[in-house]
Amino acid sequence: MIESGDIASFAIGYGLNFNCLYIYSLEKRKSEEYFILLRKTSKIPENTKIIDVNSNEFNWLQKVQAVLARNEAQSINNTRIIFVEEGNFQSGLLVFINCLRKEPGGDIFRAVLIQDLKAPKFSLNLPLYSEQLETDLVTNVLRPGNVWGSYRHQLLRPCEPRLTYHTIINQLIRGDLSTIRWIEGPITKDYQNENLISIHYASLNFKDVMLSMSKIVSKVCSRKDRDCLIRSEYSGKSITGRRIMGLNHNKYTSYSNHIRTFSWTVPNRSTLEDAATAPCVYCTCIAALYINGDMQKGCEVFTTVDTPEKRKFIKETFPSIDDNHIGNSRDTSFEKMILQGTNGAGVDIVLNSLAEDKFQTSLRCLTNKGRFLEIGKFDLAANNQLSSKIFMKGISFHGVMLDQIMNTNDEVKNEISSIFNKLMKENAIKPIIRTVFGQDEVETALRFMAAGKHMGKVLIKILEENEPLNTPILSEPFYTCIPNKSYIVLGGLGGFGLELIDWLILRNAQNIILVGVDAANRDSSELIVKSAIDQGPVDGIFNLAASLKDSICRNQTPETFEESFKGKAWATKCLDEVTRKLCPDLRHFVVFSSVSCGRGNAGQTNYGMANSIMERICEKRVEEGFPGLDIQWGAIGDVGLVAEMQNEDKEFVIGGTLLQRISSCLQVLNGFLVQDKTVVGSMIIADKRNNSNMNNVVDAVLNILCIKDLNNINPRSFLPKLRMDSMPAVEIKQTLEREYEIYLTATDIRNLNLVKLVDMNNNLTENTISLKTSSVEVRDEIFFLPGIEGYANAFKTLESKIKSPATCFQFETNYELKSIEAITNFILLHILDKLEGRSEFILVGYSFGLLIGIELKSD
């Protein structure tokens, strides 16, 4: 049994039919189990009144305010006020009532939205309506075919990977190899470009490992590439079928526009797998040893390895290198080997990738006027210091960074490319031994390389040598803009708007139209859209406009409603009409809504209603084959409206949500734009008592009133004298209900003072509360076990009807109780102490308390 007399039940088996049940509000299936929520029906109160609502005008608002005023003057809880809106698919009624019910006296309201144009006019005398209202649901929506429903939040499942023609390797979280994914790229199947290469093999280098594990920081030239840390050497085919190998400074990708200077035709003697091993190694050697090192033919070679297997490989592959010329790279003993092998003189050239103490040791191995060629990244990125004394030997130090050469120096690039071509013609470019991983094994390949036990190259095979160029690959959906199209952003000059614009630019948008004018009429909307079309076909519209006129419903006016509607409901309605005619290829029609729309928020009936209309517009668009997406954002902490209102010393909780960072919002925005649901939301749910102040009723109320110093407060002054107006009163009421299960009327709130708050807090902090029952001496004692909230307030309404002595436990006040076993032991001691030797008593558990009761019975 759960709240309102509903029954939660479950059944096991296949082919079950629940049509025999008159009312069931919810059905869930998990494997072979069905979970059913049976709704208790009740007669419609005799004192039921109907208020007809029209979302296009606000004459009905005065009737609502009159009911609220009468309810405050004298409680009319036995009354039902039913809002009805008929035949309007663009209605804001559903969220209006969500917000209204958060305000004092709002629990008497219900809503009926009739979206079936063929439905009979609403009347309580018609069974179609009266039977539905007997369920006493807050919102009741009638769709065509006499289908009744309501709205619920459901967890949005992540988008499944899908086959795409262009895909890119990306790391979602820097330093976490498990977040490496293939994501969808912007190139489509019909894209044609003579420089386009279909990548068949991509090679990993140790720099990629260092970047992906955050051992070094990438200094990318473009902010667009900052999330794609891994760079690529590749082999593949052009759209004409020419086999090409090369280097690419963009990212690991299945398609790429090749750099002419750093791309070469694969010789007929080599496979694409062979070709992918060569470009980076040989270009690095050319830049380091040929150009900077001025290495001459016939040099004596010393090298270092870190495993016996690599030593064996060196000896077998290069038999001219003596065993006493192969040192250990795991320590600094190679210095002694080199000095002994050169009679103490040192070597002319050091090609180094070792780090820290071995980096310093390698420097000491140079002879006079030697050249130190650093191809490692760690010490340079860490800015590790060199002793200037080493330069007394006349040495030179060269940092050889191939990625920097690719981005800057055309002269050096041309020289490297020329030497590479010359060596290929001389058959001096030999394939490197390699280990090949599949396209779905990128993380495994990086971990394998990070272990440092590999020999040769590590390759990722994206396509087989003879696979068709347009073979699709499974990738995670990823939103990108189309450069030659335009994007309209309403409200783009606000905090979130500027962040969104930056985000769109990083996603390849080049034509963005910022709208700061009123778009709430047809002419203005048409002008905006036509201006955007002049820049390129409109691909996306984002409406971020918002105007807050917060106040409880009793204090709202038609003017405050109109102000909130302009930028949201009416602008969206006009843009909907205009884009249907002028934007046949529109891909996204996005409106930014609020958590107050999905969950309701006191004081925002006007704002919430405007957001609700936008939701219904998007639903209608999608139903008729047009794009539409409404995003309900929670409170955003570092930019936008809430950030401007936030006090530094106060944590905002809006609609039961905490502040969400803008970076988090933009991250989930990508997922929203590539899925197919119409109304979605992103928010951080506030936990009960998540703030230390919330452990104390007094502190919680004072925090809402922004009172820090108690010395200047009369403890018997009522809260209205402490600057409590209508909005803080609503927040106090909600906080006491949500956090402490304390239910007070608006009048009770106004009569609160510091003394009463202290008394409330003392009651909450007691481990047990004796209920004021009409006890009969001969009856057994009753022990009440509360629900998950852990407080006695749930049983307070019953105490006058109980004929036995009764005690309720409050295990939430003891924060050392972390398990059911600990709670059970805590309660058992109190029961034994209270019984004083008696053996019979009664346990009553509510919700979570049932688990405690079962555990107690077993003890």
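Residue numbers 1 to 859, in the UniProt record's numbering, belong to the letters of the sequence shown in order. Idealized CB from N, CA, C, for every residue including glycine. Since we're looking at a predicted model, the values are computed, not measured.
Is there contact between the region 673-684 and the region 703-721, where contact requires at least three CB pairs shorter than 8 Å?
The region 673-684 vs the region 703-721: no contact.
In angstroms with no decimal places, state the Cα-to-Cα distance between residue 271 and residue 568.
Their Cα atoms are separated by approximately 60 Å.
Compute the distance between the beta-carbons of residue 180 and residue 443, then report whether it is under 7 Å.
In this structure, residue 443 lies closer than 7 Å to residue 180 by Cβ.
Please list, in chain order, all residues of the same chain as residue 350 whose beta carbon is under 8 Å from its beta carbon, the five residues on each side excluded.
So the list reads 362, 363, 365, 366, 370, 371, 372, 373, once near-sequence residues are dropped.
Taking 7 Å as the cut-off, decide whether the C-beta atoms of residue 185 and residue 168 are in contact.
A contact, by the Cβ cut-off of 7 Å.
From what residue to what residue does the alpha helix (DSSP H) around residue 563 run?
Run containing residue 563: 558-565, per the alpha helix (DSSP H) assignment.
Counting Cβ pairs, one atom from each stretch, are 3 or more of them under 8 Å apart for the region 536-552 and the region 589-607?
Yes, they touch.
Specify, as a first and last residue, the run of the beta strand (DSSP E) that residue 808 falls within.
That run of the beta strand (DSSP E) goes 806-809.
Do you know how far the Cα of residue 170 is from the Cα of residue 558?
If I take the Cα positions, the gap works out to 51 Å.
Nearest CA to the CA of residue 391: which residue from 151, 346, 368, 92?
Here the closest residue by C-alpha is 368.
Based on Cα-Cα distance, which residue from 310, 173, 166 lies nearest to residue 254?
When each option's Cα is compared against that of residue 254, the closest is 166.
Does the region 311-324 come close enough to the region 374-390 that 3 or more CB-CB pairs lie under 8 Å?
These segments do not touch.
What whole-angstrom Cβ distance do residue 91 and residue 113 have, given they're in contact under 8 Å?
Confirmed, about 6 Å.
Roughly how many whole angstroms lie between the Cα atoms of residue 629 and residue 845?
Distance between the alpha carbons of residue 629 and residue 845: 44 Å.
Using DSSP with H/G/I as helix, E/B as strand and the rest coil, what is residue 636?
DSSP places residue 636 in strand when its eight states are reduced to three.
For the candidate residues 632, 530, 708, whose alpha-carbon lies nearest to that of residue 618?
Comparing Cα-Cα distances from residue 618 to each of 632, 530, 708, the minimum goes to 632.
Where does residue 237 sit, in a helix, a strand or coil, going by DSSP?
Correct three-state label for residue 237: strand.
Using only the alpha-carbon positions, how far apart do residue 118 and residue 142 sit?
Between residue 118 and residue 142, the C-alpha separation is close to 11 Å.
Going by C-alpha to C-alpha distance, which of 853, 501, 259 sits closest to residue 234?
That would be 259, whose Cα lies nearest to the Cα of residue 234.
If we ignore side chains and look at the alpha-carbon of each, how far apart do residue 555 and residue 72 end up?
Approximately 14 Å, taken between the alpha carbons.
What is the residue span of the alpha helix (DSSP H) that residue 860 lies within?
Lying before the first or after the last residue shown, residue 860 is absent from the chain, which here runs from 1 to 859.
Under three-state DSSP, which class holds residue 842?
In the structure shown, residue 842 sits in a strand (DSSP, three-state: E or B).
Going by the DSSP bridge assignment, what does residue 201 pair with across the sheet?
DSSP lists 235, 461 as partners of residue 201.
Between which two residues does the alpha helix (DSSP H) carrying residue 130 extend?
Per DSSP, residue 130 belongs to the alpha helix (DSSP H) from 127-133.
By Cβ distance below 7 Å, which residues in the same chain neighbour residue 290 in space, the five residues on each side in sequence not counted?
The answer, listed in chain order, is 419.
Measure the Cβ-Cβ separation of residue 485 and residue 539 and say whether it is below 7 Å.
Closer than 7 Å, so yes.
Return yes when the Cβ of residue 798 is within less than 7 Å of the Cβ of residue 853, no when it is not.
No, the Cβ-Cβ distance between residue 853 and residue 798 is not below 7 Å.
Looking at the strands, I want to know which residues DSSP matches up with residue 148.
DSSP output for residue 148 lists 142 as bridge partner(s).
Thinking C-alpha only, which one of 263, 252, 256 is nearest residue 244?
For the residues 263, 252, 256, the minimum Cα distance to residue 244 belongs to 263.
Do you know whose CA, among 206, 163, 172, lies nearest residue 188's CA?
The candidate whose alpha carbon is nearest that of residue 188 is 163.
Throw me the rounded Cβ distance for the residue 510 and residue 483 pair, which I believe falls under 8 Å.
Indeed they touch by this definition, with Cβ atoms about 5 Å apart.
Can residue 413 and residue 277 be called in contact, C-beta distance under 7 Å?
Contact flag unset, no.
So, for residue 678: in the same chain, excluding its five sequence neighbours on each side, which residues have a beta-carbon less than 7 Å away from its beta-carbon?
Answer for residue 678: 618, 619, 622, 628, 629, 630, listed in chain order.
Just checking, does the region 91-100 make contact with the region 601-610 on the three C-beta pairs under 8 Å criterion?
Yes, since at least three Cβ pairs between the region 91-100 and the region 601-610 fall closer than 8 Å, the two stretches touch.
So what's residue 534 in DSSP terms, helix, strand or just coil?
DSSP places residue 534 in helix when its eight states are reduced to three.
Once DSSP output is grouped into helix, strand and coil, what is the label at residue 277?
Residue 277 falls in the coil class under three-state DSSP.
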